[in-house]
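J.:
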Amino acid sequence: MIAQNIAFWIIAVVMAAAAVRVVTSRNLVHAALFLITVLIGASAQFIILLAEFVGVTQFFLYVGAVAVLFLFGIIVTRAPMQPADYDNDQRWPALAVSLLLLGVLVALLIDAFGHQEIELSDDLLAIGRSDAVGNSLFRTFVVPFEVVSMLLLAALIGAVAIARRD
Amino acid sequence: MALNQFLILSAFLFCTGVYGVLARRNGVLVLMSVELMLNAVNINLVAFSAFVRDVGGQIFALFVITIAAAEVGVGLAIVLLIYRNLDSPDLDRVDQLKG
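Respectively, the protein sequence lines represent chains A and B.
Oh and the first sequence: position 126 is 126 in the numbering used here, straight run, nothing missing.
Oh and the second sequence: position 15 is 1015 in the numbering used here, straight run, nothing missing.
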């Protein structure tokens, strides 16, 4: 349990610092690379929580596909490579809103779940394995699964239709 | 491990995403902040899945990952269209409906 805790805190600090840099960086490509750091960190947290399948999927889908999409988005909008100001003029109200939200959320969470513990044991490992996840996905959640596949098809066609040059 | 450490990490990531959505001007950066918020939700779902020992939370996290991929595709197409029409990806310049 000690080892997992140390790993959690190291990864959590890296994730928090990278997340702050995503929203404050003055260079688009750096922001994308910091976002990739946060996504890899989330994948590592899933592995710590013994959710192997979700962790690996997160790694492949986000770091493999979404990050590349973002880099393509930066390329096609011809972002300048030198640092520039990407913030609008509501930086201080935005900071106030997010700090207020953070305060409310942390107070609520400590009040509601202050003494709850997650027990990392072998039965949890059995829940997160790909055979258990696959069984649940294709038995209990098969209708949402099919709906999501239709949604992906619609998003694919929609993205092509929107971005097409007429 | 305490459940709260995951939840507070997730709350921090979510609030960072909220700040990014409100304070950023570039469309691609706004989409990145939305991605941060979706990831915070995923951490919450998986942490609660481990807490109540039910696989449902992980399935929901998988669905969120899928929807996020679709959302980035459509979102970047919209930003590309804004760039093509206005010659800049700044969302502040999308104000033609303003009275």
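Ideal Cβ positions, reconstructed from N, Cα and C, are used throughout, including at glycine.
(1) Which residues in chain B have a C-beta closer than 7 Å to the C-beta of Asp87 of chain A? List them in chain order.
(2) What does Pro80 of chain A touch in chain B if you count any residue whose Cβ is under 8 Å from its own?
(3) Can you find the residues in the same chain that come closer than 6 Å, C-beta to C-beta, to Val68 of chain A, ignoring five residues on each side of it along the sequence?
(4) For Thr4 of chain A, which option in A:Val20, A:Leu49, A:Val14, A:Leu39 has the closest C-alpha, if you only look at C-alpha atoms?
(5) Short of 8 Å Cβ to Cβ, which residues in the segment 98-122 of chain A face chain B?
(6) In angstroms with no decimal places, state the Cα-to-Cα distance between Asn1039 of chain B and Leu1062 of chain B.
(7) Buried or exposed for Arg1024 of chain B, please, with buried defined as at least 16 other CB atoms from any protein chain shown within 10 angstroms of its CB.
(8) Taking the alpha carbon of Leu1003 of chain B as the reference point, which residue from B:Tyr1083, B:Ala1047, B:Leu1081, B:Gln1096 has its own alpha carbon closest?
(9) Beta-carbon separation of Val76 of chain A and Ile36 of chain A under 8 Å?
(10) Taking all protein chains shown into account, decide if Pro80 of chain A is buried (16 or more other Cβ within 10 angstroms of its Cβ) or exposed.
(11) Answer yes or no: does any C-beta atom of chain B fall closer than 8 Å to that of Val148 of chain A?
(12) Hey, would you say Asn1026 of chain B sits closer than 8 Å to Asp1090 of chain B, going by beta carbons?
(13) Name the chain B residues that come within less than 8 Å of Ala130 of chain A, Cβ to Cβ?
(14) List the residues of chain B that Leu61 of chain A touches, going by C-beta distances under 7 Å, in chain order.
(15) Report the neighbours of Arg1053 of chain B on chain A: residues whose CB is nearer than 8 Å to its CB, in chain order.
(16) Among A:Leu124, A:Asp85, A:Gly73, which has the Cα closest to the Cα of Arg1084 of chain B?
(17) Is Thr77 of chain A close to chain B? Criterion is C-beta to C-beta, closer than 8 Å.
T.: Straight from the coordinates:
(1) Ala1023, Arg1024, Arg1025
(2) Neighbours of Pro80 of chain A on chain B: none; closest Cβ ~11 Å, over 8 Å.
(3) none
(4) Residue identity differs from the one stated: residue 4 of chain A is Gln in this sequence, not Thr. Nearest C-alpha to Gln4 of chain A: A:Leu49.
(5) Those would be Ser98, Leu99, Leu101, Leu102, Leu105, Val106, Leu109, Ile110, Phe113, Gly114, Gln116, Glu117, Ile118, Leu120, in chain order.
(6) Our two residues, Asn1039 of chain B and Leu1062 of chain B, have alpha carbons roughly 11 Å apart in a direct line.
(7) buried
(8) Shortest Cα-Cα distance from Leu1003 of chain B to any of B:Tyr1083, B:Ala1047, B:Leu1081, B:Gln1096 involves B:Ala1047.
(9) no
(10) exposed
(11) With respect to chain B, the C-beta atom of Val148 of chain A has a partner C-beta closer than 8 Å.
(12) yes
(13) According to the sequence provided, residue 130 of chain A is Ser. The question's Ala does not apply to it. Here the premise fails: no neighbours, minimum Cβ distance about 10 Å.
(14) Ile1065, Ala1069
(15) Ordered by position in chain A, the residues that pass the 8 Å Cβ test against Arg1053 of chain B are Asp123, Leu124, Ile127.
(16) A:Gly73
(17) Closer than 8 Å to some Cβ of chain B, the Cβ of Thr77 of chain A qualifies, so yes.
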